[in-house]
Amino acid sequence: MKSFRRELWFNIPTRRAFKNITSEVQTAVSESGVKEGLVLVNAMHITASVFINDDESGLHQDYEKWLEWLAPHEPVNRYLHNRTGEDNGDAHLKRQIMGREVVVAITGGKLDLGPWEQIFYGEFDGRRKKRVLIKIIGE
Amino acid sequence: MKSFRRELWFNIPTRRAFKNITSEVQTAVSESGVKEGLVLVNAMHITASVFINDDESGLHQDYEKWLEWLAPHEPVNRYLHNRTGEDNGDAHLKRQIMGREVVVAITGGKLDLGPWEQIFYGEFDGRRKKRVLIKIIGE
Amino acid sequence: MKSFRRELWFNIPTRRAFKNITSEVQTAVSESGVKEGLVLVNAMHITASVFINDDESGLHQDYEKWLEWLAPHEPVNRYLHNRTGEDNGDAHLKRQIMGREVVVAITGGKLDLGPWEQIFYGEFDGRRKKRVLIKIIGE
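Here you go:
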């Protein structure tokens, strides 16, 4: 069994954004030499997500609006978490909706994705360095 | 290490439905010959889910009502995504609540599920052919 | 390839609670002898979650309040599922928000977690014995 590990680092200039990381994950799969296996891709921070959906800007705006309805950023004192001095209580909730991680099959050395599946990093508390973990196992 | 891959195809006649696929996943596990490992089961479409919960019709109606409250289908122009000509903006949001995938342990050649755990395909934009990927690794 | 299986049992005295299980999962990883691989940690019950977030009591109170807004426990007759004689319809919904499982990388024999990532058992229908499955594969 082979294993392979890589971190992807980001410094998103805005509080919230969605970034397509599919090609970076495919590059890691190719470099790993794994032909059949699984790849785990997870946010290493608890105010960010990794998820799979469509690379369509209208949809991303729909997500932004929807997540703000589900867990508004303001007023920041609506979250007890923000009594710690943080202002990111909403980001911890938004991340639960969008998820921490995805697990994707590797088949024939490629990400085994459906036709519209793209892997995204979802940032909900940006403007600082944060990272994603890619872990591959297989043969 | 062994690996095994299978697609399950569906053509759900309604826009939304939940379909129990536990026996199809167990069949794949049995045919794989894997006794100890993991099975990934994921929707290959971004308007569908694979999730684990109870096979109880009242609960499924509760999910249907709840998801419509969280992300109503109509009016379709409430979603910017639908400016692309689609009418499935809601389906992309519902799928994030219910999730893309499950990973289940394989122990002694069987799905290692709790007593009430059943695996479901959740369709949110049906009336066309769509598929689920089963990927198994182990020994 | 090595594999390892362990159940963690809980009897949470309240209906809802969040319990940090990170050290129990690390103990299982250490006992498995796996240095590079993946660990699946999943609730075996459909009214409970395993998720990763921050071990901060204000945040946990924010989750409790938010989940009650998203899926109120009362009135119990708002859920068709409760016609079965249960009163846990809300718990099946809350669990979908928080998720069934996490998959965590194992690197150098340790859980490969970000600096604030902690693994939690989320109970939404407690006051009885329930369990979590830990399944490890790797080398």
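The listed protein sequences derive, respectively, from chains A, B and C. All residue numbers for the first sequence refer to the working numbering, where the first residue is -13 and numbers rise by one. All residue numbers for the second sequence refer to the working numbering, where the first residue is -13 and numbers rise by one. All residue numbers for the third sequence refer to the working numbering, where the first residue is -13 and numbers rise by one. Note that CB positions come from ideal geometry on N, CA and C, so glycine has one too. Because the structure is a prediction, the values reported are computed rather than measured.
Where residue i meets chain A, residues with beta-carbon distance less than 8 Å
i	result
R69 of chain B	G44
V36 of chain B	What V36 of chain B touches in chain A: nothing, since even the nearest Cβ is about 11 Å away.
A57 of chain B	W52
I32 of chain B	I38, N39, D40, G100, W102 and E103
For residue i, three-class secondary structure by DSSP
i	result
L99 of chain C	coil
V20 of chain B	coil
G71 of chain C	coil
E109 of chain A	strand
E10 of chain C	helix
I(-2) of chain B	coil
R114 of chain C	coil
R81 of chain A	helix
Burial state of residue i (16 or more Cβ within 10 Å)
i	result
G19 of chain B	exposed
R69 of chain B	exposed
K80 of chain B	buried
S43 of chain A	exposed
R114 of chain C	exposed
R52 of chain B	According to the sequence shown, residue 52 of chain B is Trp rather than Arg. By the neighbour-count rule (16 or more Cβ atoms within 10 Å), W52 of chain B is buried.
T33 of chain B	buried
N39 of chain C	buried
E87 of chain C	buried
N74 of chain C	buried
E103 of chain C	buried
G124 of chain B	buried
G23 of chain C	buried
Within chain A, the residues that residue i reaches when beta carbons sit closer than 9 Å
i	result
I92 of chain B	None at all; the shortest Cβ gap to chain A is about 13 Å.
I120 of chain C	Result: empty, since nearest Cβ-Cβ is about 16 Å, beyond 9 Å.
Beta-carbon neighbours of residue i, restricted to chain B and to distances below 7 Å
i	result
Q47 of chain A	L66
Partner residues on chain B for residue i, Cβ-Cβ distance less than 8 Å
i	result
S9 of chain C	Residues of chain B passing the Cβ test: none, with the nearest at roughly 21 Å.
V25 of chain A	Here the premise fails: no neighbours, minimum Cβ distance about 10 Å.
G124 of chain A	M(-13), S(-11) and I123
L79 of chain C	D48, Y49 and W52
Straight-line gap, residue i to residue j (C-alpha atoms, nearest Å)
i	j	result
Y49 of chain A	A57 of chain A	12 Å
F4 of chain C	V36 of chain C	9 Å
V90 of chain C	T8 of chain B	24 Å
M30 of chain A	T13 of chain A	19 Å
G108 of chain C	F(-10) of chain A	31 Å
L97 of chain A	I122 of chain A	11 Å
F27 of chain B	G85 of chain B	Looking at the sequence provided, one finds Val at residue 27 of chain B rather than Phe. Between V27 of chain B and G85 of chain B, the C-alpha separation is close to 11 Å.
V118 of chain A	L99 of chain C	10 Å
W(-5) of chain A	D111 of chain A	14 Å
K21 of chain B	K(-12) of chain B	10 Å
T0 of chain A	N6 of chain B	41 Å
P101 of chain C	F106 of chain A	21 Å
Q47 of chain B	N63 of chain C	13 Å
E72 of chain C	L45 of chain B	11 Å
L66 of chain B	D76 of chain B	10 Å
E54 of chain B	E54 of chain C	18 Å
I92 of chain A	G95 of chain B	22 Å
E60 of chain B	V11 of chain C	44 Å
R(-8) of chain C	R2 of chain B	37 Å
I83 of chain A	I120 of chain B	24 Å
N(-3) of chain B	V25 of chain B	23 Å
K116 of chain A	H78 of chain A	15 Å
E17 of chain C	D41 of chain A	42 Å
Listed by chain order, chain C residues near residue i by CB distance under 8 Å
i	result
E72 of chain B	Result: empty, since nearest Cβ-Cβ is about 24 Å, beyond 8 Å.
I83 of chain A	I83
Chain A residues whose Cβ lies nearer than 7 Å to that of residue i
i	result
S86 of chain B	Looking at the sequence provided, one finds Arg at residue 86 of chain B rather than Ser. Residues of chain A passing the Cβ test: I38 and V88.
E60 of chain C	Per Cβ cutoff of 7 Å: no residues; E60 of chain C is ~21 Å from chain A at best.
Contacts that residue i makes with chain B (C-beta to C-beta distance below 9 Å)
i	result
G75 of chain C	G44, L45 and D48
Neighbour flag for residue i against chain D, beta carbons, 7 Å
i	result
E109 of chain A	Of the protein chains in the structure, A, B and C, none is chain D.
Worksheet item: What are the complete alpha helix (DSSP H) segments, minimum 4 residues, inside the region 32 to 68 of chain C?
Response: Listed in chain order, they are 43 to 56.
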